[in-house]
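S.K.: Going by the working numbering, the sequence shown runs without a break in its numbering and finishes at 229.
Mind looking over this structure? Questions follow.
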Amino acid sequence: MEIFPAIDLKEGKAVRLYKGEMASAKIYGEAFEFAKKFQDLGSKWIHIVDLDGALGGEPKNLEVIEKIRKNSSVKIQIGGGIRDEQTIRRYSDMGIDRLILGSAALKDPVFAKEMARKYKIAVGIDSKDGKVALEGWVKSAEIDALDLAKEFKGSDIQALICTDIQRDGTFEGINLDLTLELARVSDCFCIASGGVKNEQDIYNLNEKFEEHAIRGGVIIGKAYYEGRIDLQKVIKKFTPNI
């Protein structure tokens, strides 16, 4: 199972939200410093979300993202405000390893699949009460999360990122049922996000993945920043060669 330490960017700082509410943002420090720390802990990936970009519809934290890319050797996946091919190409040229389409994939799944044939693309499905949220989670669509996931079965997307907004930043535990269902209907590499509370939560997810023969990973955010998880221990467990 892949481990994805997370950096949510707001005005260049690493922050965490509660249930996706921007007003709840808690600042933890400089994003660049956390990126260095995750690399030092042995992480293979960093998951970055440009929160300002998600709300504004275009990248807003390019300077700090570029600094992280130039000064780290880990793989980076980025989401937030990626709505067109020009932005995808810009990030790809910067050396970003995977681009996450959220609102763009919801509004135009065909576009997302076309981009996945040309670039390294993940699709973010952010679920609120079973429906897909968009544009920085401030709006909800009348589209069922499972129906959207089905659109990408057999496509070239590299991963499906499954977020339960109602659990994000709450320490209530991963929504296993949602994650497993999205993985089942899409047959994609599935990354669970939202609600991670402790190390056992991650081990339980891994057991379910193995039980159902699912390829996937987990995004670890607030649980790390609040000291509830020994990230180095988790990374070593799932990356034995460290």
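Note that the Cβ used here is the ideal one computed from N, Cα and C, for glycine as well.
(1) Taking D84 as the reference, give the member of Q26, D134, A170, I108 with the closest Cα.
(2) Can you find a C-beta in chain C that's less than 7 angstroms from the C-beta of I178?
(3) Does the Cβ of R104 have 16 or more other Cβ atoms within 10 Å, making it buried, or fewer, making it exposed?
(4) Could you give the C-beta distance for K62 and K31, rounded to a whole number, given that I count them as a contact under 8 angstroms?
(5) Quick one: what's Q233 bridged to in DSSP?
(6) If you measure between the beta carbons of V110 and L88, is that distance less than 7 angstroms?
(7) Buried or exposed: where does H199 fall if 16 or more other Cβ atoms within 10 Å of its Cβ makes it buried?
(8) Measuring CA to CA, which of I35, L135, N191 is closest to V2?
(9) Using the rule of at least 16 other Cβ atoms within 10 Å of the residue's Cβ for burial, across every protein chain shown, is W124 buried or exposed?
(10) In terms of alpha-carbon separation, which member of A179, Y5, D37 lies closest to I201?
(11) Using 8 angstroms as the threshold, is the stretch 160 to 175 in touch with the stretch 93 to 101, meaning 3 or more CB pairs across them?
M.R.: In this structure, then:
(1) I108
(2) Considering every chain present, this structure includes no chain C. It has just one protein chain.
(3) exposed
(4) 6 angstroms
(5) The question about residue 233 has no answer here: the residues shown for the chain are numbered -12 through 229.
(6) yes
(7) exposed
(8) I35
(9) Low local confidence applies: a pLDDT of 47 at W124 is under 50, so the model's placement there is unreliable, with the coordinate-based value given in what follows. Buried, because 16 or more other Cβ atoms sit within 10 Å of the Cβ of W124.
(10) A179
(11) no
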